[in-house]
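Top line first, the protein sequences correspond to chains A and B.
Residue numbers for the first sequence follow our numbering, so the first one is 383 and each next one is one higher.
Residue numbers for the second sequence follow our numbering, so the first one is 383 and each next one is one higher.
There are 2 protein chains.
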Amino acid sequence: MKKLLLPLVLMTAASGASDDSKSATNDFYTTDFLDQVATLRDHALTDPLAYDITESLTTEVGARLAGSPGDAKAVAWGEAKFKSLGFDRVTLEAAPLKRWVRGVETAEIISPFKQTLTITALGKSSPTPNEGITGEVVHFNTIDELKSADPALVKGKITFISNRMERHKDGSGYGKAVGARSTTAQVTAAKGGIGAIIRSIGTDNNRTPHTGAMKYEADVAAVPAGAISNPDADLLVNMLNRGKPVTLKYTLGSRFDGDYVSHNVIGDIIGSEKPDEYIVIGCHLDSWDLGTGAIDDASGCGITMAAAKLIKDHIGQPKRTIRVVLWANEENGLSGAKAYHEAHKEEMKQHIFGGESDFGAGTIYAFGTRMDEKAMPLVHEMMQLLQPLGIEYAGNEASSGADLIPMRAAGMAVFGLKQDGTKYFDYHHTANDTLDKIDPKELAQNVAAWVVVTALSANTSENFGFDLSDK
Amino acid sequence: MKKLLLPLVLMTAASGASDDSKSATNDFYTTDFLDQVATLRDHALTDPLAYDITESLTTEVGARLAGSPGDAKAVAWGEAKFKSLGFDRVTLEAAPLKRWVRGVETAEIISPFKQTLTITALGKSSPTPNEGITGEVVHFNTIDELKSADPALVKGKITFISNRMERHKDGSGYGKAVGARSTTAQVTAAKGGIGAIIRSIGTDNNRTPHTGAMKYEADVAAVPAGAISNPDADLLVNMLNRGKPVTLKYTLGSRFDGDYVSHNVIGDIIGSEKPDEYIVIGCHLDSWDLGTGAIDDASGCGITMAAAKLIKDHIGQPKRTIRVVLWANEENGLSGAKAYHEAHKEEMKQHIFGGESDFGAGTIYAFGTRMDEKAMPLVHEMMQLLQPLGIEYAGNEASSGADLIPMRAAGMAVFGLKQDGTKYFDYHHTANDTLDKIDPKELAQNVAAWVVVTALSANTSENFGFDLSDK
Numbered sequence: 383m384k385k386l387l388l389p390l391v392l393m394t395a396a397s398g399a400s401d402d403s404k405s406a407t408n409d410f411y412t413t414d415f416l417d418q419v420a421t422l423r424d425h426a427l428t429d430p431l432a433y434d435i436t437e438s439l440t441t442e443v444g445a446r447l448a449g450s451p452g453d454a455k456a457v458a459w460g461e462a463k464f465k466s467l468g469f470d471r472v473t474l475e476a477a478p479l480k481r482w483v484r485g486v487e488t489a490e491i492i493s494p495f496k497q498t499l500t501i502t503a504l505g506k507s508s509p510t511p512n513e514g515i516t517g518e519v520v521h522f523n524t525i526d527e528l529k530s531a532d533p534a535l536v537k538g539k540i541t542f543i544s545n546r547m548e549r550h551k552d553g554s555g556y557g558k559a560v561g562a563r564s565t566t567a568q569v570t571a572a573k574g575g576i577g578a579i580i581r582s583i584g585t586d587n588n589r590t591p592h593t594g595a596m597k598y599e600a601d602v603a604a605v606p607a608g609a610i611s612n613p614d615a616d617l618l619v620n621m622l623n624r625g626k627p628v629t630l631k632y633t634l635g636s637r638f639d640g641d642y643v644s645h646n647v648i649g650d651i652i653g654s655e656k657p658d659e660y661i662v663i664g665c666h667l668d669s670w671d672l673g674t675g676a677i678d679d680a681s682g683c684g685i686t687m688a689a690a691k692l693i694k695d696h697i698g699q700p701k702r703t704i705r706v707v708l709w710a711n712e713e714n715g716l717s718g719a720k721a722y723h724e725a726h727k728e729e730m731k732q733h734i735f736g737g738e739s740d741f742g743a744g745t746i747y748a749f750g751t752r753m754d755e756k757a758m759p760l761v762h763e764m765m766q767l768l769q770p771l772g773i774e775y776a777g778n779e780a781s782s783g784a785d786l787i788p789m790r791a792a793g794m795a796v797f798g799l800k801q802d803g804t805k806y807f808d809y810h811h812t813a814n815d816t817l818d819k820i821d822p823k824e825l826a827q828n829v830a831a832w833v834v835v836t837a838l839s840a841n842t843s844e845n846f847g848f849d850l851s852d853k
Numbered sequence: 383m384k385k386l387l388l389p390l391v392l393m394t395a396a397s398g399a400s401d402d403s404k405s406a407t408n409d410f411y412t413t414d415f416l417d418q419v420a421t422l423r424d425h426a427l428t429d430p431l432a433y434d435i436t437e438s439l440t441t442e443v444g445a446r447l448a449g450s451p452g453d454a455k456a457v458a459w460g461e462a463k464f465k466s467l468g469f470d471r472v473t474l475e476a477a478p479l480k481r482w483v484r485g486v487e488t489a490e491i492i493s494p495f496k497q498t499l500t501i502t503a504l505g506k507s508s509p510t511p512n513e514g515i516t517g518e519v520v521h522f523n524t525i526d527e528l529k530s531a532d533p534a535l536v537k538g539k540i541t542f543i544s545n546r547m548e549r550h551k552d553g554s555g556y557g558k559a560v561g562a563r564s565t566t567a568q569v570t571a572a573k574g575g576i577g578a579i580i581r582s583i584g585t586d587n588n589r590t591p592h593t594g595a596m597k598y599e600a601d602v603a604a605v606p607a608g609a610i611s612n613p614d615a616d617l618l619v620n621m622l623n624r625g626k627p628v629t630l631k632y633t634l635g636s637r638f639d640g641d642y643v644s645h646n647v648i649g650d651i652i653g654s655e656k657p658d659e660y661i662v663i664g665c666h667l668d669s670w671d672l673g674t675g676a677i678d679d680a681s682g683c684g685i686t687m688a689a690a691k692l693i694k695d696h697i698g699q700p701k702r703t704i705r706v707v708l709w710a711n712e713e714n715g716l717s718g719a720k721a722y723h724e725a726h727k728e729e730m731k732q733h734i735f736g737g738e739s740d741f742g743a744g745t746i747y748a749f750g751t752r753m754d755e756k757a758m759p760l761v762h763e764m765m766q767l768l769q770p771l772g773i774e775y776a777g778n779e780a781s782s783g784a785d786l787i788p789m790r791a792a793g794m795a796v797f798g799l800k801q802d803g804t805k806y807f808d809y810h811h812t813a814n815d816t817l818d819k820i821d822p823k824e825l826a827q828n829v830a831a832w833v834v835v836t837a838l839s840a841n842t843s844e845n846f847g848f849d850l851s852d853k
C-alpha cells in the first residue's frame, strides 16, 4: 500500500489523470473502474433523479413530523420509492418514539403596545393552559446571561433570550446560538420562571419562526417554550428598549400524545463479494411540520437514493452492500438512529463507512473523514475524483450527521461531504423549508460527490476503521 | 424667465455650483437660499428623524388596517407626533369608510395529496361558509386565460391563477400581474365558479402570502377570494402537473362589518407669504394587517414628516404652506383621498404641487413631474440639487401615489420621487412588512430628496399647473 500525504494536488479531471496517478490508483482500483466512476460523476451533474425524488417527497407527502399522519405516509413513500428504483432489498425496521403534537400557537404583546407576534412551539414543549400564559418579560441577551441570573429576577416572569445567530458558510453560527433553544425551558423553570421565549435560531428576517428540539431533564418541570421570528424579536427588543415593563401573553397547545412506532426505511444495493459489509449512506425521513421538509431533509434523501441508484445502473453491483437508510425521527429524538444501533449492535463491525446528507442542498465544498489514518490512501483515491467538483479535503475530524452518532460512538468510520450552508439557516425548521429553496444544479453536484465516495468505498476490500484499528 | 432644456448636466455638488448656474438660479431663488437647501440636503443624509418616526409608528402602533383598533391608534399617534415635532397646525379630517375585517384563514389540498397551504383573504373578500369551500381546482396561467375560458370549465369549481410577478427595479411587474388579484373574484363568479385562489402578487419565495384589494362590481355576487404564497402556488402547480384532479378546501372569515369613520391627519408648516397655497406631501397612515406596515407605508410617513420638520427647523418658515397629509385607508378604498378632495374641492387651485411617498424606503433614483411644461425651469433648479443624490430626471409623465389621484384628476401638478423597488414586492402586503426591511441610510437619502423638492416648491411664487395653464 502506497503511503500518500495530504493535501493532494488538484487534478483537473480524474478521467484525464496522468500516468503517475494511474499507477498509484492501481493499488486499489482498476483504471477502467475509476474511469467509470469519473464518467458517472460527470453524468450525475445533469441527472434529474435526485431532484425528482425530492420533488416527489415534498409534493406527495410534505410535512412529516414523527408520529404524525405524514410520518406513516413518508414510510410508505420510501418503501415504494426504493422498490420503484430497483433497489435489491427494501426493509422497514421499527423505531419506537414518544409522539409530540403541535397545537394552537398565538402570542401578543399586551402592553405597553398591543401587537401580535408570530410564535412556534419548540420541540417537546409542554402546553400552556388553554387561556395562555401572561407575564412580564425579563430580557437576557444570551442563555449564559440567563444561567447566571439571580433567580429573583426570573421568578414569576417570562424569559426572553434575544441573541441572533450569525451567518457562516459552514453553519458554525448554529452551535453557538442553539443552546438558547435547547436549554431555555429547563433553566427558566429551575429559576421559577413561568414561560420561555427565544429569538428564532435562524439567519433570516422572515416572519416564519424556527422550531427545533429542546433537551429535557427529569428533575425540573420545564415551562412551555416557543420561538418568535427574527422581526418579532426585533420588535420586542425595541419595546423593551423603551425601559418600561413589557407584558406578553402566549398560548401553546403542543404536548406529548402517547407512543408511536415509526420505521427506518432501508434500501440495499447488495454487494457481490461482501454482501454483509455495509457502506451506510442516507438522510432522515422525518421533518418538522411547518414546511414540507425540502432542505431538511428531502434533499438528503434525493441525493443519497439517487447516488446509490446511479451506481447500480451505470457501474453495476458493488462489492459491498450500499445501504441507504431513511432515518426515522431525527429531529425530535434520534429514534431511528437509536433503534438501528440497538438492532444491529452485534454487526457493527460490518458497518464499514458511513455518512448522512442532512444540511440542505448547497454545493459541496469539502470532504472530511473520521477514520483510521491508515485509510488515507483510499481518501486520496476519492479526492482525485472529488477535486474536479471543487471539493477540498477537510481533515480527519469530520462529523457525519446526527443519525450516525450511535454507530460512530461504537467505532464506525464516517465521512462528511460539507455543503455550503450560507442560506441554510434562513429556512431551517420553518414554514419556508420548501422545494423552491433547492437549486437543481447544486443538488446534482451533491449527487456527483456522493457517487464518488460511495462507489469507491463500496468497491474495495480495504477498511476505514474497525478492522484497521484492530491491526 | 430663462428657458432651459433637459436633460441637465450632472452637477457634482450643488453647493459648489459654477458661476453660470448661480446666475441661472437667481431667476427664482437667492444663492443663500439654495446653499441652505444644499446644506440641509447633505445633513438629511445622516439625520435619524425619519427612521425614528418609522420605528415609532411600527413599534407603538404596528398593524393599522382601516377601521381596526390600530387605525384609531394610528390617528392618535399621527396627531401627537405632528404636535411633538412642532408643526404649526394639526388637523383631523373625517374619512368615512366601510370596515372590512379579516377572520379565520385556512387552506388545504384534500387530494391527491393532503397538504396544508398558507392563504390570506384578498381585501374586500366575502367569507366562505364556516365549514369552508371544497371543490376541484381549475388552473389558469393568467387572468386573461380565465376571462376567455368557457364558463362550463369554471362552473362549480375553484379557479386558480398561477402566473408569477416579475422583479423589476421600477416595480413594473406589479401592474402586469395585479389584474389577477383585482378581478379574479368577479370573473370567477360571473362564470359560475365557487371560489377563487391566486398565486400571491409578489416576487419572494416566502410562506407569507400577499393580500391586497380587489375591485368589486355590483351586478355579480363575487366569490370568496384568497392568495396563497409563492411556495404554496408552486406546490399546487406541481400537483396539477400530475394530471389528476386536485381538490382544495379553504375557509375565509373576512367580511364587511359596518361603517367606520377614520381620519386624514394633516400637519401644516404654515407659509409666511402664501399660507393658503399648499405643497401637499405625505404618506398613507393605514396599512394592511399582516405586518407592521413598515415599508407600506410608515417609511413614507417618516420621510415626508421628517422633510417638512427639517425644512422648518433648518431653513425656517416657507413662503407657501407645506402640508403633510397622513392619508386614511389608502389600501382598501382610497377613503382619505376621496374625503379630502370632497372637502377641499373649492380650494383645489390652491393645491400647487403634490407628491406621496408610498413605495417603501429604497434609494431614490429618478424624479418625475406631471405639470405644465412652463414650469420646467423650476424643475431645473430642483435637479441641480437632486443630481448629487444620484437622481435623474424622469420626464413629465409621473405618477404620484394613489392618494393624489383625485387631486391630480382635478388638475393639480404632481411629482414622483422614484424609489428602487427591486425588493419592495418581496414584502409588500405580507406579514414580512416589518422595520428590519428598511435600511436607515437609504431612508435618509429619501428625506434629502424630499427636502429639495419640498423646499424649492414651497419657496417660490411660481406655479406648476393650474395657474400656468390658465395663462
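Each residue gets a CB set at the ideal place from its N, CA and C atoms; glycine is no exception.
Computed from a predicted model, the values in this text were never measured in an experiment.
Partner residues on chain B for residue i, Cβ-Cβ distance less than 9 angstroms
| i | result |
| --- | --- |
| A/L817 | P613, D616, L617, N620 |
| A/F735 | Within chain B, no residue comes near A/F735; the closest Cβ sits about 36 angstroms away, beyond 9 angstroms. |
| A/T585 | By Cβ distance, chain B contributes nothing, its closest Cβ being about 12 angstroms from A/T585, past 9 angstroms. |
| A/A813 | T500, N588, R589, T590, S611, P613 |
| A/F846 | Neighbours of A/F846 on chain B: none; closest Cβ ~40 angstroms, over 9 angstroms. |
Collapsed DSSP secondary structure at residue i in the structure displayed
| i | result |
| --- | --- |
| A/V519 | strand |
| A/H723 | helix |
| A/P657 | strand |
| B/I579 | strand |
| B/G561 | helix |
| B/R423 | helix |
| B/S566 | The identity of residue 566 of chain B in the sequence shown is Thr, whereas the question assumes Ser. Helix at B/T566. |
| B/L630 | strand |
| B/S782 | coil |
| B/S493 | strand |
| A/I435 | helix |
| A/G684 | helix |
| A/A531 | coil |
| A/S405 | In this prediction, A/S405 scores a pLDDT of 42, lower than 50, which makes its location untrustworthy; the coordinate-derived value is nonetheless stated afterwards. Helix, per DSSP. |
| A/K819 | helix |
Anticipated Cβ contact below 8 angstroms, residue i with residue j, distance rounded
| i | j | result |
| --- | --- | --- |
| B/K800 | B/Y809 | Actually they are not in contact, since the Cβ atoms of B/K800 and B/Y809 sit about 18 angstroms apart, beyond 8 angstroms. |
| A/A448 | A/L474 | About 15 angstroms separates the two Cβ atoms, so there is no contact after all. |
| A/Y632 | A/G514 | 6 angstroms |
| A/L667 | A/L708 | 4 angstroms |
| B/K691 | B/L431 | 6 angstroms |
| A/T836 | A/L760 | About 13 angstroms separates the two Cβ atoms, so there is no contact after all. |
| B/K506 | B/W482 | 6 angstroms |
| A/L825 | A/Y433 | 6 angstroms |
For residue i: DSSP bridge partner residues
| i | result |
| --- | --- |
| A/N646 | A/E475 |
| B/V482 | Correcting the residue identity first, residue 482 of chain B is Trp in this sequence and not Val. Beta-bridge pairing links B/W482 to B/F638. |
Contacts that residue i makes with chain B (C-beta to C-beta distance below 8 angstroms)
| i | result |
| --- | --- |
| A/F807 | Chain B residues near A/F807: none, gap ~15 angstroms exceeds 8 angstroms. |
Under 7 angstroms from the C-beta of residue i: neighbouring residues of chain B
| i | result |
| --- | --- |
| A/F415 | By Cβ distance, chain B contributes nothing, its closest Cβ being about 38 angstroms from A/F415, past 7 angstroms. |
Contact set between residue i and chain A, taken where Cβ atoms lie within less than 9 angstroms
| i | result |
| --- | --- |
| B/F749 | Within chain A, no residue comes near B/F749; the closest Cβ sits about 30 angstroms away, beyond 9 angstroms. |
Practice item. Taking a Cβ distance cut-off of 9 angstroms, strictly less, list which residues of the segment 587-607 of chain B are near chain A, in chain order. Key: N587, N588, R589, T590
Exercise for review: Name, going along the chain, the residues of the segment 526-544 of chain B whose beta-carbon falls closer than 7 angstroms to a beta-carbon of chain A.
Suggested key: none
Check your understanding: If contact means a Cβ-Cβ distance below 9 angstroms, which residues of the segment 439-470 of chain B contact chain A?
Key -> T440, T441, E442, V443, G444, A445, P451, G452, K455
Check your understanding: Using a Cβ cut-off of 9 angstroms, which residues of the segment 424-437 of chain A contact any Cβ in chain B, in chain order?
Key -> E437
Review point. Using a beta-carbon distance cut-off of less than 7 angstroms, what residues from the segment 755-779 of chain B approach chain A?
Key: none
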